[in-house]
Structures are given as C-alpha cells and as structure tokens.
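The sequence shown stops at residue 430 when you use the working numbering, and every number in between is there.
Okay, so here's the structure we're looking at.
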Amino acid sequence: MANTPYPESYYAASANAAPPRPALQEEVETDVCVIGAGYTGLSSALFLLENGFKVTVLEAAKVGFGASGRNGGQIVNSYSRDIDVIERTVGPKQAQLLGQMAFEGGRIIRERVAKYNIQCDLKDGGVFAAITAKQMGHLEAQKRLWERFGHTQLELMDQARIRQVVACDQYVGGMLDMSGGHIHPLNLALGEAAAVESLGGTIYEQSPAVRIERGASPVVHTPQGKVRAKFIIVAGNAYLGNLVPELAAKSMPCGTQVITTAPLGDALASSLLPQDYCVEDCNYLLDYYRLTADKRLVFGGGVVYGARDPANIEAIIRPKMLKAFPQLKDVKIDYAWTGNFLLTLSRLPQVGRLGDNIYYSQGCSGHGVTYTHLAGKVLAEALRGQAERFDAFADLPHYPFPGGQLLRTPFAALGAWYYGLRDKFGY
Ligand SMILES: Cc1cc2nc3c(=O)[nH]c(=O)nc-3n(C[C@H](O)[C@H](O)[C@H](O)COP(=O)(O)OP(=O)(O)OC[C@H]3O[C@@H](n4cnc5c(N)ncnc54)[C@H](O)[C@@H]3O)c2cc1C
4 MANTPYPESY YAASANAAPP RPALQEEVET DVCVIGAGYT GLSSALFLLE NGFKVTVLEA
64 AKVGFGASGR NGGQIVNSYS RDIDVIERTV GPKQAQLLGQ MAFEGGRIIR ERVAKYNIQC
124 DLKDGGVFAA ITAKQMGHLE AQKRLWERFG HTQLELMDQA RIRQVVACDQ YVGGMLDMSG
184 GHIHPLNLAL GEAAAVESLG GTIYEQSPAV RIERGASPVV HTPQGKVRAK FIIVAGNAYL
244 GNLVPELAAK SMPCGTQVIT TAPLGDALAS SLLPQDYCVE DCNYLLDYYR LTADKRLVFG
304 GGVVYGARDP ANIEAIIRPK MLKAFPQLKD VKIDYAWTGN FLLTLSRLPQ VGRLGDNIYY
364 SQGCSGHGVT YTHLAGKVLA EALRGQAERF DAFADLPHYP FPGGQLLRTP FAALGAWYYG
424 LRDKFGY
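Written out as structure tokens, the structure reads:
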C-alpha cells in the first residue's frame, strides 16, 4: 500500500504530535463521507459533528498533506476576487450576502483555536503592502468597500507608518487588517483533526477515494475499503485529480513555493517585523512572508501554472526575499517546498452540488485559509437544509479555461505574464 509522507517542509519538521491513523480496510456506514482532510474537509466535518451528524473523513495521504499543511500561514480575509467584482457580476443582493461573509472565516479559525485549545502560534495582524501609488489607491478603495460590509479593523498606512511595521523600502504604503494574522498551518489542521476525533468523527489516512458510486445511497471506494453514506463532501481541491470530472473542467491546479530561513534570532527578526504581523504585497504574482514562533522568516511567492514541481525552489524564491530584505543575504535557507492551490478563471470559489447528495467546495484561487473555514460552515448549513448562504456561492458563474485541458496552462501562464509585466512597470 502507498504510504505518502508529508513533504519536507518546516511545518512537517515542527508539527505537533499526532496519533497514527490507519487506512480504511473495511466497509463502513456514515451520514457524511468527507473526501480530503485539508481545511475544507476538516471544517465541514467539525461543523457537521457539532450538529449531530456521523462523519467519516477519507484522506489520500495525511491530515494537512495538501495546501492546508504547506501554506504561508496568512489569515487573509475576503476572497481572491473582491466584492465589487462580485457585485458587478451577480448583482447587489448576492454580493451583500457574500460581502457579509467575507471576514467570517478568520473568526471561525479563532473560535476553533479557542474552543479546542489548538496550539498553532496564532498571531493577530496582517499587512497588505503597496509597491506603487496605484496599488495604494486600490487599497484605499478596498478599505471603503470592506467597511461598507461592516469590516472595520482596518488602518491605511502611509510610507512612514508602514516602515514602522515592516523594514522593507519597497513600499509606498499599505493597509493593516487586525482581523488578519497568521498561524502554523499544519498545526491548525492537526488540531482540527484532533477536534473531529474528540467529537466522535473518524479519519482514515492513506485512504484515497478512487471511485464514487453515485445514487440515492452513494458509496465511496478506496483501494481496500468503502464508505456508504447519505451525503458526500468533495474537498480534495488541487489534489483531487479526475475523481469528479465535472469539477476538473473549470479549474486548474497551480503550484506556489515557500522557503524558510534558519532561526534569525530575536534582534534580527524583530528588526524586520517589529509587531510580528504577516505581510503580502499587492502584485498580481504576489510575495508573502511572516515570522514563525522560533523566529524564522517564511517567504512565499511565484506561481507555476499546471502545478509542475520546480527543480530548485530556493533559486526562485531567495532572490525575491533578498529584494525585500537585502539584510538577509548571509542567512541560510533551511527548508524549501512547493504546494498546489486550485485556480478558477474568475478566481472565485467553485461551490455546488452534484445530484442530490454530493456537495463540493474548491478553487479559492490562492487565498483560502479563511475561505475554506467558512466553506465548511456553509456546506454544513446546506446539509442541514439551510441553503441561502450556500446558494450565494453556488450561483457564482464559472467558465472553462480557454484552450481546454490541453492549452489552459500556457494560456493562463500568458495571462499571468501580462499581469506580471503590469506589476513591474507599475500599471
Ligand atoms: C504554498 C501555498 C501557500 C499558500 N499560502 C496561503 C496563505 O498564506 N494564505 C491563504 O489564505 N491561502 C494560502 N494558500 C491557499 C490555501 O492554503 C488553500 O486555499 C487551502 O489550504 C485549501 O484547503 P483545502 O482543504 O480546500 O485543500 P487542501 O488543503 O489541498 O486539501 C485537500 C486534501 O484532499 C486530499 N485528497 C485529494 N484527493 C483525494 C482523494 N481522492 N481521496 C482522499 N483525499 C484526497 C489531499 O491529499 C489533501 O490533503 C496557499 C497555498 C499554497 C499551496
């Protein structure tokens, strides 16, 4: 049997202890079979268990093996496309609902951490850093927009003010969101998995769903077992492959890379980020970074369309880090890894139902730490018969990538190159 380990990331090296979770080797019956133990699957499982459902989670590798255990750890509110675009696409009523939900994921994370005592180094405060005056103008508009939907923990920063929170000379200003923040992402997933089990849920690792037998009482097959369920939640995101062909057509896995320095020591670490906020810049192909609890810098950036694993990640990301922080030129990189997120053409999440009983949420296109936690709640509401918020997501239109499965990667890369050039020349 395949035994897929975690990638060699800083997170895997500093993960909290977790119990062994055997592969499924029998036939079991449950109310809800969740496919995938990332944040989407775990958040769904937790909300369902809290509402009295019996839940079985199937994970192809290990809890948090996918993006949820590899990401930048940044709690970024809202969606990868903002609410004004949603408003123009689907109209004010649906946008109002989605806008109200845009900051809920961050609150869910904090509630989970407090309720289940999850040790994941949670810190408050996230910075959006503007490299150009035009980006600063966008942030000003974004603040007005978010405040219109009731999200108020925001502060615009001029050049002098942002220099007080991040020792990088590239920025003309920024916006601080105190309801943003950061976490050790794998430890958040592991803590949520423990919470699932504390409520009586079962998680099978090394148990990929290889086939779904659809129907009134659907069955999910793994290599050595099967789960008969009333409902299925598909939460495999960029790692799902072609298990559900309808979902693969309108999304594309993309890779993004992360490096982690050796420990910097207190003085150097706090000279870079004195308040320990996390930072992402406002470029289309953005850089994001933050400190860890043991004072390393985690720095991510870059996108590989089609999710091929680059050969030398340090060679791609280290120059970006040194551009932001030349003072780190002598610092060693201890870890480098890649992970996949799922891109949709609109960059909005793909949510819906296949038949009567197969639900899915995927494709939040980069910013997913908060959205996936919200998604779990919204999916659980739908299974309980309260579908208004689910429908607000499910009604978002989605289109196939130009060029189909074969040409979508070069077309998307071309689009990104164009936006990358615009960033470079400040358009
Ligand atoms: C490197 C990187 C950095 C990122 N940084 C940030 C960030 O700082 N902030 C932010 O907001 N977002 C970030 N993101 C995005 C965010 O991490 C994701 O949007 C989010 O974690 C997706 O969660 P998920 O549960 O939907 O998917 P995943 O976490 O990918 O989980 C899917 C799980 O399903 C399993 N699976 C797949 N197929 C099957 C199957 N057939 N049977 C059983 N199991 C299956 C996989 O093994 C995997 O564990 C980043 C993503 C990456 C890759």
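No residue lacks a Cβ here, since even glycine has one placed at the ideal position from N, Cα and C.
Of the residues Cys285, Tyr287, Tyr292, Glu53, which one's Cα is nearest the Cα of Asp279? Asp279 has its Cα closest to that of Tyr292, out of Cys285, Tyr287, Tyr292, Glu53.
Between Arg73 and ligand 1, is there a pair consisting of the residue's CB and a ligand heavy atom that are separated by less than 8 Å? Result yes, Cβ under 8 Å from ligand 1.
For Gly153 versus Gln77, is the C-beta distance shorter than 9 Å? No; because the gap between Cβ atoms is not below 9 Å, this pair is not in contact.
Buried versus exposed call for Thr225 [16 or more other C-beta atoms within 10 Å across all chains shown]: Buried: at least 16 other Cβ atoms inside 10 Å.
Whether Arg311 touches Pro188 by CB criterion (9 Å): With contacts defined as CB atoms closer than 9 Å, Arg311 and Pro188 fail to qualify as a contacting pair.
Does the pairing of the region 274 to 288 with the region 384 to 401 give three or more beta-carbon distances under 8 Å? No: the two stretches stay apart, fewer than three of their Cβ pairs being nearer than 8 Å.
Cβ-Cβ distance between Leu157 and Asp127 below 9 Å: Their beta carbons are not under 9 Å apart, which means Leu157 does not touch Asp127 by this criterion.
Going by alpha carbons, who is nearest to Ile38 out of Gly183, Ala64, Pro403, Ser81? For the residues Gly183, Ala64, Pro403, Ser81, the minimum Cα distance to Ile38 belongs to Ala64.
Examine ligand 1 and report whether any of its heavy atoms sits within less than 8 Å of the Cβ of His456. Outside the displayed span of the chain (4 to 430) sits residue 456, for which this structure offers no information.
Cβ-heavy atom distance between Gly194 and ligand 1 below 8 Å? It does not: the Cβ of Gly194 is nowhere closer than 8 Å to a heavy atom of ligand 1.
Excluding five sequence neighbours on each side, which residues of the same chain lie with their C-beta closer than 6 Å to the C-beta of Glu62? Within the same chain, Glu62 has close Cβ partners Ala40, Glu208.
Quick one: does the C-beta of Ala70 sit closer than 8 Å to a heavy atom of ligand 1? Checking the Cβ of Ala70 against ligand 1 gives yes.
Kindly identify the DSSP beta-bridge partner or partners of Gly304. According to DSSP, Gly304 bridges with Gln260.
With DSSP collapsed to three states, give me the class of Ala15. In the displayed model, Ala15 falls within a helix according to three-state DSSP.
Per-residue DSSP class, three states only, for His370: In this structure, DSSP gives His370 a state outside helix and strand, which the three-state scheme calls coil.
With DSSP collapsed to three states, give me the class of Gly218. In the three-state DSSP reduction, Gly218 falls in the coil class, being neither helix nor strand.
Buried or exposed for Asn343, going by 16 or more other Cβ atoms inside 10 Å? Here Asn343 is buried, its C-beta having at least 16 other C-beta atoms within 10 Å.
Between Ser349 and Tyr402, what straight-line distance do the alpha-carbon atoms span, to the nearest angstrom? Tyr402 has its alpha-carbon roughly 8 Å from the corresponding atom of Ser349.
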